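Taking it in order: structure first as structure tokens, then the write-up.
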Amino acid sequence: MIDDFGVGYSSLGYLSKLPVDGVKLDRALIADIESSLAMQSMIRNITRMSHDLNLKVVAEGVETAYQCELIKKLGCDYIQGYYYSEPLEQDDFCNYLSHFNSQGAQ
């Protein structure tokens, strides 16, 4: 997985050269998604390109229901962020998961 894709030293060239199975879109890309059609277009196209290369796409830093809805529409495979939960220790995560599973997947 290439982390923080879209910022810093991450490069499109890495996608075809490194033995990775996915990219994680940096939260900086997600932060402006609600108000920027250009950012939505960028995420949509990064996602399409990644899928063409058989890579999964994780959107990190999703904090609102609207961001979550947009990310799903733009084709991201996985969503990570405070919208679902703050970072958890292993035991806390297991408890969270047990509670989530007891209510049924939504």
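Numbering (the working numbering), first residue to last: 84 to 189.
A virtual CB, placed ideally from N, CA and C, is assigned to each residue, including glycine.
In this text, all values refer to a predicted model and were calculated from it rather than measured experimentally.
Selection from the options that minimises the alpha carbon distance to residue i
{"i": "P170", "options": "E143, K156, N137 and L108", "result": "E143"}
{"i": "L157", "options": "V103, F176, H182 and K139", "result": "K139"}
{"i": "D135", "options": "L153, I113, D104 and T147", "result": "D104"}
{"i": "E152", "options": "S99, I113 and V106", "result": "I113"}
{"i": "K155", "options": "H182, D115, Q123 and Q173", "result": "Q123"}
{"i": "V145", "options": "A121, D115 and L120", "result": "D115"}
Distance cut-off 7 Å: residue i Cβ against heavy atoms of the ligand HEM
{"i": "L153", "result": "Summarising the ligand content, the structure contains no ligands, and the ligand HEM is consequently not present."}
Test item: CB-CB of residue i and residue j under 8 Å
{"i": "A148", "j": "Y166", "result": "yes"}
{"i": "S133", "j": "L180", "result": "no"}
{"i": "Q150", "j": "E117", "result": "yes"}
Same chain, Cβ closer than 7 Å to residue i, five either side skipped, listed in chain order
{"i": "R110", "result": "E143 and G144"}
Check whether the region 124-140 and the region 162-169 are in contact - that is, three or more C-beta pairs closer than 8 Å. no
Return the chain-ordered ranges of every beta strand (DSSP E) run that is complete within the region 137-165 and spans a minimum of 3 residues. 139-143 and 161-163
Could I get the ranges of all uninterrupted beta strand (DSSP E) runs contained in the region 98-137, with 3 residues as the minimum, in chain order? 105-108
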